[in-house]
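Chains as they are written, first to last, in the working numbering: chain A, 2 to 218; chain B, 509 to 737. From the three backbone atoms N, C-alpha and C, an ideal C-beta is built for every residue, glycine too.
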Amino acid sequence: MADEVKLHGVDGSPFVCRVKIALNIKKIDYKYVVEDLSNKSADLLKYNPVHKKVPVFVHNGNSVSESLVIVEYIDDAWKAVPILPQDAYEKAQARFWAKFIDDKCIPALFKAIGSHGEEQAVAEAHEQLQFLENELNVKGKKFFGGGDINLVDIAATFIAYWVGAAEEALGIKLVSKDKFPKIKEWDGNYINSQVVKDGLPPREILVAFFKKRFGNA
Amino acid sequence: MADEVKLYGLDGSPFVCRVKIALNLKKIDYKFVVEDLRNKSADLLKYNPVHKKIPVLLHSGKPISESLVIIEYMDDAWKGAPLLPKDPYEKAQARFWAKFVDDKCIPIVFKAIVSHGEEKDLAEAHEQLQFLENQLNEGKKFFGGDDINLVDISATFIAYWVGAAEEALGLKLVSKDKYPKLTEWCDNYINCQAVKDGLPPREILLGFFKMWFATPNSFVYNEFLNKSS
């Protein structure tokens with residue numbers, strides 16, 4: 002019986018996008034089920050009763066929730082084109098940085114965006130981004146994963162693409178080339194990779210979203 | 509220096525305790541380096557420059573931070589006594605629940621403790637705890653089935669710290685009639701040798717909670733909150 006793979010999500014979600022990119026990297030065929038977050042499907046509520054959120058990944062009827070848990074599951078279940086390093090220590094480092102992006106970077110950036118680039122919020126976001134800048138600097142890497150995209154790159158999709166759309170929508174600058182040259186370079190490499198490009202939503206959707214959510218009336 | 513294992517931590521931290529329990533389960537010898545959070549060692553700042561927090565595990569000179577990342581590392585590096593299931597789907601479920609304990613359970617239970625059982629906090633805490641109770645409803649001794657796994661270890665705070673806080677505060681959060689499975693799990697868990705050997709003496713925690721409730725702005729409270737939020 003061929004694998005049945007479904008992804009429940011919404012286009013605008015950077016977390017859903019992470020999973021799409023992982024599926025593209027692994028060349029896995031899947032059915033995409035668009036959710037209406039104001040009217041969640043019975044399936045979504047059945048498959049993710051704890052959080053009731055997207056993304057939800059369903060593989061042969063078994064559901065997995067939480068984007069980074071899903072990406073690791075995909076890496077465990079499909080062996081080709083690994084998304085995590087083989088070496089135990091390198092794997093731990095990848096998990097550390099992905100968690101750092103989730104727990105520290107993205108919330109700080111979101112706060113800076115929500116506050117329309119308020120000084121303190123931006124300073125805090127920069128403090129977190131500097132760690133990522135250093136991480137790319139130290140190893141002189143094209144991606145956080147070295148020559149290939151890995152879990153950390155995928156985790157940072159929000160930084161690569163959503164932040165730029167927010168900057169445009171609100172007329173603010175969060176990640177500048179002179180302050181974060183390595184991140185900007187990574188950004189370019191990352192969103193121009195085919196597997197990533199194929200998973201990203203159209204930029205206009207995001208710009209419109211940010212204008213509506215945070216723009217001045 | 510090959511295979512030298514050091515754990516930087518503090519007895520009162522449930523996150524450090526997670527790692528101690530994992531080390532005990534895997535029967536790994538290690539050196540415990542006690543940190544003073546008011547005066548962090550140069551080593552700690554070198555090994556965890558991003559968060560400057562404990563626990564930090566040092567294995568053959570290489571540092572790993574974040575308790576659940578450390579435990580997964582240990583499971584990858586030392587093959588005996590696995591802490592995660594082999595099956596990818598079961599592994600994903602374990603990761604999901606450990607993350608749920610970290611992201612949802614512990615912060616709200618902590619908040620309910622800090623607010624001395626304020627009604628709304630208590631209600632939210634109960635909502636999250638009920639998910640854990642339901643997980644154990646499948647007749648499991650541990651979240652890991654017959655053996656302790658990552659989820660059990662992640663929930664050490666619930667098994668042991670909450671009881672000490674309840675006693676210090678005179679407040680019941682995890683009662684037997686509301687959580688028959690969870691209270692049974694607590695007993696099974698803290699009576700395992702590998703866990704017992706890793707837990708700090710209850711008096712230390714009682715003393716900590718009593719002192720802390722008296723002076724709620726102590727720095728340790730803030731350190732803990734930073735970790736949980």
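Would you report the Cα separation of residue i and residue j, rounded to the nearest angstrom?
| i | j | result |
| --- | --- | --- |
| I579/B | L658/B | 8 Å |
| A218/A | V542/B | Caution applies to A218/A, whose pLDDT of 47 falls short of 50 and renders its modelled position unreliable; the model cannot decide the point. |
| I741/B | M582/B | Given a span of 509 to 737 for chain B in the structure shown, any question on residue 741/B remains unanswerable. |
| I184/A | V57/A | 29 Å |
| D477/B | A633/B | Any property of residue 477/B remains undetermined from this structure, which presents chain B solely from 509 to 737. |
| D199/A | H9/A | 17 Å |
| I84/A | R19/A | 12 Å |
| D511/B | A585/B | 10 Å |
| V72/A | A167/A | 25 Å |
| L592/B | A602/B | 7 Å |
| D77/A | H60/A | 13 Å |
| A109/A | A3/A | 42 Å |
| S736/B | G165/A | For S736/B, the predicted model reports a pLDDT of 38, less than 50, meaning its position is unreliable; a value from the coordinates is still stated below. Using only the alpha carbons, I get a separation of about 30 Å. |
| L515/B | F540/B | 5 Å |
| Y162/A | V197/A | 10 Å |
| V6/A | A95/A | 26 Å |
| A606/B | A663/B | 8 Å |
| P571/B | F97/A | 11 Å |
| E53/A | S568/B | It is worth fixing the name first, because residue 53/A is Lys in this sequence and not Glu. Going by the C-alpha atoms only, they are around 42 Å apart. |
| W79/A | N25/A | 12 Å |
| V11/A | A89/A | 34 Å |
| F144/A | S194/A | 11 Å |
| L714/B | F132/A | 38 Å |
| A600/B | A702/B | 24 Å |
Do you know whose CA, among the options, lies nearest residue i's CA?
| i | options | result |
| --- | --- | --- |
| C106/A | L130/A, I26/A, Q94/A | L130/A |
| P688/B | E641/B, T664/B, G653/B, F650/B | E641/B |
| K619/B | L630/B, W720/B, T664/B | L630/B |
| N645/B | D610/B, W693/B, L553/B | W693/B |
| A23/A | D188/A, G118/A, G141/A, A157/A | A157/A |
| E36/A | K28/A, L46/A, K180/A, D154/A | L46/A |
| S14/A | S42/A, F145/A, L207/A, K53/A | L207/A |
| F159/A | D188/A, N135/A, F97/A, V51/A | D188/A |
| G588/B | N532/B, D695/B, C700/B, P709/B | N532/B |
| E635/B | Y555/B, P615/B, L565/B | P615/B |
| D695/B | I656/B, G625/B, S573/B, L576/B | I656/B |
| H117/A | E67/A, P202/A, E169/A, D179/A | E169/A |
| G62/A | V17/A, V55/A, V34/A, Y48/A | Y48/A |
| S623/B | S521/B, F523/B, G520/B, A722/B | A722/B |
| Y697/B | L681/B, G653/B, A676/B | G653/B |
| K213/A | L171/A, E186/A, D154/A, P182/A | L171/A |
| W720/B | V558/B, K594/B, D519/B, L677/B | L677/B |
| N699/B | Y668/B, K528/B, D519/B, S521/B | Y668/B |
| I562/B | G715/B, D519/B, K599/B | D519/B |
| I155/A | I29/A, F132/A, A122/A, D103/A | D103/A |
| V225/A | A99/A, A209/A, N193/A | For residue 225/A there is no data in the structure shown, the boundaries of chain A being 2 and 218. |
| Q643/B | E711/B, F716/B, F604/B | F604/B |
| V17/A | F132/A, D179/A, R204/A, Y33/A | Y33/A |
| K704/B | P596/B, F608/B, C525/B | C525/B |
| D660/B | D685/B, S521/B, L690/B, P596/B | L690/B |
Taking C-beta pairs closer than 9 Å, name the residues in chain D that residue i reaches, listed in chain order.
| i | result |
| --- | --- |
| K92/A | Chain labels in this structure do not include chain D; the protein chains are A and B. |
Can you tell me where the beta strand (DSSP E) with residue i in it begins and where it stops?
| i | result |
| --- | --- |
| K567/B | In the sequence as presented, Lys is not what sits at residue 567/B; that position holds His. 564-567 is the span of the beta strand (DSSP E), which, as asked, contains H567/B. |
| K570/B | 570-573 |
| Y162/A | Segment: none, Y162/A is in no beta strand (DSSP E) and carries neither H nor E. |
| N63/A | 63-66 |
| K7/A | 6-10 |
| Y33/A | 32-35 |
| L591/B | No beta strand (DSSP E) holds L591/B; DSSP gives it neither H nor E. |
| Y687/B | Where Y687/B is concerned, there is no enclosing beta strand (DSSP E), given that its DSSP letter is neither H nor E. |
| K539/B | 539-542 |
Between which two residues does the alpha helix (DSSP H) carrying residue i extend?
| i | result |
| --- | --- |
| G671/B | 670-677 |
| G813/B | This structure does not reach residue 813/B, given that chain B is present from 509 up to 737, and the question cannot be answered. |
| G115/A | 107-115 |
| G189/A | 182-192 |
| F608/B | 596-608 |
| F665/B | From DSSP, F665/B is part of no alpha helix (DSSP H); its letter is neither H nor E. |
| H634/B | 627-644 |
Any heavy atom of the ligand SAH inside 8 Å of the beta-carbon of residue i?
| i | result |
| --- | --- |
| S14/A | The ligand SAH is not part of the structure shown, which contains no ligands of any sort. |
Inset, instruction - Check whether the stretch 174-188 of chain A touches the stretch 104-118 of chain A, taking contact to mean three or more Cβ pairs, one atom from each stretch, closer than 8 Å. - result: Yes, the stretch 174-188 of chain A touches the stretch 104-118 of chain A.
Inset, instruction - Flag this pair as touching only if the stretch 648-655 of chain B and the stretch 667-674 of chain B have three or more C-beta atom pairs under 8 Å; answer yes or no. - result: Result no; under three Cβ-Cβ pairs closer than 8 Å.
Legend entry - Short-range partners of chain A found in the stretch 513-547 of chain B, where Cβ spacing is below 7 Å: Listed by position along the chain: nothing, the set is empty.
Legend entry - Contact residues within the stretch 600-617 of chain B, judged by C-beta distance below 7 Å to chain A: Under the 7 Å Cβ criterion, the stretch 600-617 of chain B contributes A600, R603, F604, K607, F608.
Inset, instruction - Determine which residues of the stretch 637-651 of chain B have a Cβ less than 8 Å from any Cβ of chain A, and write them out in chain order. - result: Taking 8 Å as the Cβ-Cβ cut-off against chain A, the residues of the stretch 637-651 of chain B that qualify are F639.
Inset, instruction - With 7 Å as the limit, tell me which residues of the stretch 38-58 of chain A have their beta carbon closer than that to any beta carbon of chain B; keep them in chain order. - result: If the cut-off is 7 Å between Cβ atoms, the stretch 38-58 of chain A has V51 near chain B.
Legend entry - Selection of the stretch 61-78 of chain A by Cβ proximity to chain B, strictly under 7 Å: Answer set for the stretch 61-78 of chain A: N63, V65, S66, E67, V70, E73, Y74, D77, A78.
Inset, instruction - Give the residues from the stretch 100-129 of chain A that approach chain B closer than 7 Å (Cβ to any Cβ), ordered along the chain. - result: So the list reads K100, F101, given in the order they occur along the chain.
Inset, instruction - Could you run through the stretch 550-575 of chain B and flag, in chain order, every residue whose CB is less than 7 Å away from some CB of chain A? - result: If the cut-off is 7 Å between Cβ atoms, the stretch 550-575 of chain B has V558, K570, I572, S573, E574 near chain A.
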